[in-house]
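Down below is the structure, laid out as structure tokens.
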Amino acid sequence: MLSTVETETERSALELAVVRELRRSGMDSIDAEVMVSEMEVDRRQEYLFQAAQVVDSHPENPNLVVERGMFAPADYSTAHTAHASLQRHVPRLAKAGLLAAGAAMVFAPVTGVLMDAFTPSAYAADLPTLDGAFVGADNSGRFGTHWTSSMCAVQDSADNVVLKLYPGSLAQPVDAARFIQLDVPRGEQVCVENVLAGFGDFVAPGAVFYDWEGIDPDQGYVFSRTSTVRPSGAPGSMGQGFPGVDFEAVAAGKTQVVPTAHDAEHFRTNVGVVNGNSFAVEFDVAIRGSGGAVLADTVLDLPAGSWFQYNDIYAKLGIPARAWSYVTVTPSHNLPIGNFLVDSSVVDNASGDPTHNQGQSHADTPTTVFLPAAARLPGANGTEWVTDLDVMNWGGLNTDNFLSTFLLEGQDNFPGGIASYNIPMVNGELFQEDDMVLQMYGLDGVKGAVVTGSNMQIFSRTFTTEDGQTFGAGLPGQRVDEHAIGSDQYGVLPHLQQSSDRHTGFRTNIGLVNASIETRTATIELYDGATLVDTIQKTLAPWDMTQLNKAYGNTDITDGWARITSDASGVQDDEGVIAYGSVVDNHSGDGSVVMAKRIGPSGPSIDDQIREYIDLYFPTNDARFFLSDTEARAIINGDMGTRSYTLDLATELWNDPVMQGEFDDISGIVAWFEARADGVPGNSEYCPDFDPVQWDNDAFGDSTFRVYDGLSCGPVDFRPGEEPMLRVYDMIKNDFMFNFIKANPELYGGQSGGAPDMDFNPTWNDG
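Numbering of the sequence shown is given in my numbering, commencing with residue 51 and proceeding in unit increments.
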């Protein structure tokens with residue numbers, strides 16, 4: 051247990067998080083210390099139990115403040131303020147020993163029915179909107195490194211756009227009151243140096259979550275570079291590009307895979323996990339050998355809006371470092387969870403140079419994938435560039451072929467390229483190759499791209515060597531259906547720099563790959579802030595690759611970004627141009643890669659499509675709707691990607707005088723609902739021959755919320771009055787159904803992570 055005389059540096063991050071959360075909730079600092087350090091476990095459980103009883107037994111008091119200020123005021127006219135407030139504290143309190151049984155007191159405090167303290171859906175954190183995240187630093191590392199992160203944001207879609215940034219870590223999850231707000235004008239780039247230094251009391255490192263206001267997240271691009279000065283004291287920096295990843299682009303519930311170092315003796319591998327959900331999530335983290343067998347594993351429990359990194363993951367998991375391995379991270383429950391990110395950073399111990407790898411998942415369908423650059427040739431300032439490769443067949447066929455073709459720069463490479471390499475891979479297998487251009491294709495003195503048809507996970511590192519130290523950058527495989535820039539689209543490359551002096555500052559190279567089988571012309575507009583500096587057009591043969599070295603020429607550029615378009619004559623949109631930028635430190639030779647983000651045409655976002663779908667099929671609020679058995683269980687149990695709305699419903703339905711005669715308090719209605727959606731057929735389960743939940747505002751008599759019940763399948767009617775009924779309607783339509791469809795579009799004719807099919811009728815009414 052904590053002692054009041056211990057210093058904060060002697061405490062674990064988790065213990066500090068508990069004290070910090072109690073202080074933030076309004077508790078006096080001394081009271082927070084006493085509560086954490088002196089109260090016995092049983093007394094803590096009793097205290098929280100009694101607090102929940104007080105909240106739920108006084109709905110008539112709209113300004114009730116629970117003893118010692120631990121919980122927010124409970125105003126039951128807003129349905130679940132106290133409920134959410136208690137839930138917000140449960141994850142940390144439970145894990146710190148402050149309570150052993152968890153959040154179930156909220157659901158049934160009077161009867162004492164307890165739920166699993168680590169059920170993720172039980173934690174409804176009060177988070178702002180989180181569209182995506184990247185990882186940032188402002189802290190010292192190993193071997194004399196000190197890491198800082200700069201960030202740039204750009205959008206060319208709308209006026210009056212605001213970007214909000216929120217930091218979050220395991221010790222300090224996202225706090226809605228701690229943020230930076232940036233105005234991002236249309237057609238301009240906004241950058242922040244050392245972004246984590248602007249968040250006040252936040253202790254780096256951590257994830258930086260972002261929220262776009264005025265555009266959908268797929269209409270803007272957030273990009274960061276994390277770098278360190280050279281530990282040797284030589285001039286120049288080592289760094290890695292770290293793109294902001296939109297949560298809506300992440301496959302829900304799928305394992306994400308990242309590579310580890312090829313040379314485990316001279317490199318270390320760090321693995322980070324970001325939880326952007328509004329509830330705590332447990333992740334299974336495993337180091338796997340070349341055949342997929344687990345070498346070491348652990349469970350990481352991340353609160354909502356937080357991040358954690360395993361620095362030198364081999365040491366953290368207690369095994370000797372080794373090559374020919376990779377890491378998998380899997381949500382450890384069956385909910386269709388997206389909103390999480392995984393990355394690995396492979397760091398050269400001698401140079402301090404990191405290589406960033408963004409987690410990849412198994413794709414549902416194979417498609418054409420391009421590795422946009424691979425090389426074995428000299429570069430500027432005495433550099434010598436080679437490329438290493440990692441391919442994982444995680445989640446694929448039992449046996450699949452990695453059939454790849456090398457595409458030489460500056461020529462028509464369709465259909466055969468200059469050389470091919472084929473290797474069969476079983477499910478779970480890892481394939482690694484050092485110096486892939488020479489070892490796989492037998493080529494030297496060349497650069498180009500690689501194409502394959504695959505749903506595997508593909509990573510590469512292109513680097514140069516100086517005095518036994520390496521400096522390089524990661525280039526991931528790019529699916530054409532996600533990254534190729536076609537008609538009515540454009541790509542964005544932020545965070546570019548150029549020095550007129552080749553011995554100082556940075557230089558920017560821009561690479562292009564024609565992913566189509568027809569000739570295509572790409573147009574690159576080069577900006578410095580809002581100023582258009584140059585326009586370059588490049589015609590590419592089928593499957594051609596080119597790199598424009600020092601794209602800005604000899605101009606000094608400090609706020610560079612590029613807008614890339616391509617013609618689409620006779621070519622499908624997903625067979626356009628793939629683009630990347632390589633920003634190279636002229637002192638060290640170290641490059642940071644930024645992959646172009648494809649910005650689609652102006653049109654409805656997934657959220658807009660879901661709302662349009664609901665408006666199309668959901669009846670007006672003077673009609674009737676019916677929830678299916680699956681939907682009814684989800685709204686009560688809080689599963690399948692949604693939270694439980696049981697307390698919300700019970701609070702409104704308690705207004706029915708008849709129900710007040712049937713139940714002693716709100717918790718009785720809560721328990722009654724839960725019993726009828728627990729999946730036990732013999733427990734008065736919802737009748738299979740009836741829609742289990744109905745809202746009826748045009749029935750004979752008063753408006754009715756109806757549930758079928760009992761062996762005779764008779765209706766149980768709640769008639770709380772017009773205003774509560776309208777609040778229930780709004781809650782179900784605009785909150786529950788929206789979140790349920792977004793988490794489960796496949797139940798409504800759509801694809802996982804996408805929008806519902808507008809022609810799929812969910813039969814929510816009787817026509």
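We put the beta carbon where it would ideally sit given N, CA and C, even for glycine. Please read these numbers as outputs of a predicted model, since none were measured by experiment.
- In the three-state reduction of the DSSP assignment, Ser717 falls in the helix class, which pools H, G and I.
- With distances taken between CA atoms, Leu232 lies nearest to Met201 out of Thr605, Phe676 and Met201.
- Beta-bridge partners of Asn325 (DSSP): Ser356 and Phe390.
- Short of 7 Å from the beta carbon of Ser549, and not among the five residues preceding or following it, lie these beta carbons of its own chain, in chain order: Gly555, Phe556, Arg557, Asp606 and Asn636.
- The distance from the Cβ of Leu576 to that of Gly610 is about 7 Å, consistent with a contact at the 8 Å cut-off.
- Apart from sequence neighbours up to five positions away, the residues of its chain that approach Phe810 with a beta-carbon distance below 6 Å are Tyr798 and Gly799, ordered along the chain.
- Going by beta carbons, Ile387 and Ala302 fall inside the 8 Å limit.
- Rounded to whole angstroms, the gap between the alpha carbons of Leu439 and Ser510 is 4 Å.
- The three-state reading of DSSP puts Trp197 in strand, counting E and B together.
- Asn210 and Gly264 do touch by the CB rule: their CB atoms are close to 6 Å apart, below 8 Å.
- Pairing Val307 with Ala700, the inter-Cα distance amounts to about 42 Å.
- Sorting Gly804, Lys783 and Met781 by C-alpha distance to the C-alpha of Lys792 places Gly804 at the top.
- The DSSP assignment places complete alpha helix (DSSP H) segments of no fewer than 4 residues inside the region 479–541 at 486–491 and 530–533, in order along the chain.
- Note on the region 421–455: whole beta strand (DSSP E) runs with a minimum of 3 residues are 434–442, in chain order.
- The three-state reading of DSSP puts Pro217 in strand, counting E and B together.
- Restricting attention to alpha helix (DSSP H) runs no shorter than 4 residues, the region 757–794 encloses them at 772–780 and 788–793, ordered along the chain.
- Secondary structure note for Lys366: its alpha helix (DSSP H) is the uninterrupted segment Ile363 to Lys366.
- Of the candidates Gly466, Ile649, Ile508 and Val487, the residue whose Cα lies closest to the Cα of Leu543 is Ile649.
- DSSP places Ala601 outside any beta strand (DSSP E), giving it a letter other than H or E.
- At a Cβ-Cβ threshold of 8 Å, Ser401 and Val377 do not count as neighbours.
- In this structure Ala425 is buried. Its beta-carbon is surrounded by 16 or more other beta-carbon atoms within 10 angstroms.
- Contact between Asp640 and Phe521 holds: CB atoms are separated by about 4 Å, below the 8 Å threshold.
- With fewer than three CB-CB distances shorter than 8 Å, the region 362–381 does not count as touching the region 276–294.
- Take the alpha-carbon of Glu516 and the one of Ala208: they are about 46 Å apart.
- At a Cβ-Cβ threshold of 8 Å, Val627 and Ile535 count as neighbours.
- By the criterion of at least three beta-carbon pairs nearer than 8 Å, the region 494–501 is in contact with the region 455–474.
- Shortest Cα-Cα distance from Gln507 to any of Gly527, Gly518, Asp494 and Gly495 involves Gly527.
- For Val563, the enclosing beta strand (DSSP E) stretches over residues Phe556 to Asn564.
- Of the candidates Gly191, Gly270, Pro255 and Leu697, the residue whose Cα lies closest to the Cα of Asp261 is Gly270.
- According to the DSSP assignment, Met709 belongs to the alpha helix (DSSP H) that extends over Pro707 to Glu712.
- Pro309 has its alpha-carbon roughly 13 Å from the corresponding atom of Tyr364.
- In the three-state DSSP reduction, Ala203 falls in the strand class (E or B).
- Taking a C-beta distance under 8 Å as the contact criterion, Val185 and Phe333 do not qualify as a contact pair.
- Take the alpha-carbon of Glu243 and the one of Thr433: they are about 28 Å apart.
- Annotation for Tyr663: no beta strand (DSSP E) segment contains it, though the alpha helix (DSSP H) segment containing it runs Ile656 to Tyr667.
- In the DSSP assignment, Arg338 falls outside any alpha helix (DSSP H) and lies within the beta strand (DSSP E) extending over Val331 to Gly339.
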